[in-house]
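Numbering follows my numbering, with no gaps: position 104 of the sequence shown is 214.
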Amino acid sequence: MNKNAIAKLFAGKLHVKNICDQVFEEYASDKVMPLEKLPVAVLRVYNCMNKDLLGPHKEPPSQSTIEETMEKLRPADGINDEKFYNLILEWSGKDLRIYMAHKVILALLAAPSLALATKGAGRRAPRIGPVVEKIPTPVFVSVYSLGLLFVQR
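Here it is, written out as structure tokens:
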């Protein structure tokens, strides 16, 4: 995984990209989605985001905002998947930052207690007890913090 992919993962963009791709495939024909289907597709993306991404409810853009965007795109017959994804990112950027901040806070709050519990359980295990004793607790906490961030999608 390269640096750019890791940055997108931590920004929540990969999950949004997957949602956008699914919705685009549902409403598009010949790799182009008609502009008339844009409002419904945007609502479907936000519905999926609210189901999948924890945290506060993400409000979709207003109907007038969507109509203004449709007017800007009007000379074209439709919208491709990359343009659709970029529109969704533009409209949901603030919500994604809040969502990712909540993920980081959750990981940082849960990691110390999980690390201590794991270290305590590891000490009692016959063969790995001495190894666990040699690993400092701050290393356990760091590993758990990173692990929780990756596990939370």
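Where a beta carbon is used, it is the ideal one built from N, C-alpha and C, also for glycine.
For a quick check, are the C-beta atoms of residue i and residue j less than 9 Å apart?
{"i": "P166", "j": "I208", "result": "yes"}
{"i": "A220", "j": "Y254", "result": "yes"}
{"i": "A138", "j": "D205", "result": "no"}
{"i": "F250", "j": "A225", "result": "yes"}
{"i": "L153", "j": "L216", "result": "no"}
{"i": "V150", "j": "I189", "result": "no"}
{"i": "G230", "j": "V241", "result": "no"}
Buried or exposed, going by whether 16 or more other CB atoms sit within 10 Å of the CB of residue i?
{"i": "K213", "result": "buried"}
{"i": "S202", "result": "buried"}
{"i": "V126", "result": "buried"}
{"i": "L197", "result": "buried"}
{"i": "K182", "result": "exposed"}
{"i": "T247", "result": "exposed"}
Out of the options, state which residue places its alpha-carbon closest to the alpha-carbon of residue i.
{"i": "F134", "options": "K123, L124 and V155", "result": "V155"}
{"i": "D187", "options": "L148, M159 and P222", "result": "L148"}
Name, in chain order, the residues that DSSP records as bridge partners for residue i.
{"i": "S139", "result": "V142"}
{"i": "G188", "result": "P144"}
Assuming residue i and residue j are in contact, meaning their beta carbons sit under 8 Å apart, how far apart are those beta carbons, in whole angstroms?
{"i": "I176", "j": "C158", "result": "I176 to C158, Cβ: 17 Å. No contact."}
{"i": "R184", "j": "L124", "result": "So it is not a contact: roughly 31 Å between Cβ atoms."}
Would you say residue i lies against chain B (beta-carbon separation less than 9 Å)?
{"i": "T228", "result": "Among the protein chains of the structure shown there is no chain B, as only one such chain exists."}
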